[in-house]
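> Mapping of the sequence shown onto UniProt numbering: position 20 corresponds to residue 20, and the numbering continues sequentially without gaps.
Yeah, the Cβ is synthetic: ideal placement off N, Cα and C, and Gly gets one too.
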Amino acid sequence: PDTRRVFVALGFGFFAELTVPEALRHLERRSSLLQRLSESLTRDGAKIRAHIRLVLEVTPPPRLATPPPLLATPPTLCPSPRACGSCRGCRSPPRPLTPERFRHLRVNLE
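(1) Taking 8 Å as the threshold, find out whether the segment 5-12 comes into contact with the segment 21-33 through three or more Cβ pairs.
(2) Can you look up Leu24 in the DSSP assignment and give me helix, strand or coil?
(3) If I follow the unbroken beta strand (DSSP E) through Arg5, where does it start and stop?
(4) Since Thr19 is in the beta strand (DSSP E), which residue starts that stretch and which ends it?
(5) So what's Ala83 in DSSP terms, helix, strand or just coil?
(6) Residues in the same chain with beta-carbon distance under 6 Å from Glu17, minus the five sequence neighbours each way, listed in chain order, please.
(7) Just how far apart, CA to CA, sit Arg63 and Leu56?
Right under this line is the structure:
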């Protein structure tokens, strides 16, 4: 194999066949480019961290959620009973399904 020329990866699956001095010059330029990019990203990260700290200092701490006040006496009768005997507005259990209520349901559904 000829060692006077080397293949250098350019990116995206492309390679260039360069002499050793050309490859060294290319790698030095690429190294300096990556170093500048790294420094830029480090500065950007520091700015973002500073902004996050600022927002956290200005924002009040979250309060624990307080439960809703309990009613003195829970409602026992549903204010708007449905045919099924249950609704979202009351805490009373649904009424049992009796044959009479079943007939009433069937008539209302038809």
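Straight from the coordinates:
(1) In this structure the segment 5-12 touches the segment 21-33; the number of beta carbon pairs closer than 8 Å is three or more.
(2) If you number the sequence shown from 1, residue 24 lands on position 24. In the structure shown, Leu24 falls within a helical segment according to DSSP collapsed to helix, strand and coil.
(3) Here the question's residue 5 lines up with position 5 in the sequence shown. Segment Arg5 to Gly11, the beta strand (DSSP E) holding Arg5.
(4) To locate residue 19, count along the sequence shown from 1; it is residue 19. Taken as a continuous stretch (DSSP letters only), the beta strand (DSSP E) holding Thr19 covers Phe14 to Thr19.
(5) Indexing the sequence shown from 1 puts residue 83 at position 83. The predicted position of Ala83 is uncertain, since its pLDDT is 49 and thus under 50; a value taken from the coordinates is nonetheless stated next. Under the three-state reduction of DSSP output, Ala83 falls in the coil class, being neither helix nor strand.
(6) The residue given as residue 17 occupies position 17 in the sequence shown. Counting only Cβ-Cβ distances below 6 Å, and skipping sequence neighbours, we find Arg5 and Phe7.
(7) Residue mapping note: residue 63 aligns to position 63 of the sequence shown, counting from 1. Residue mapping note: residue 56 aligns to position 56 of the sequence shown, counting from 1. When rounded, the distance between both Cα atoms is 14 Å.
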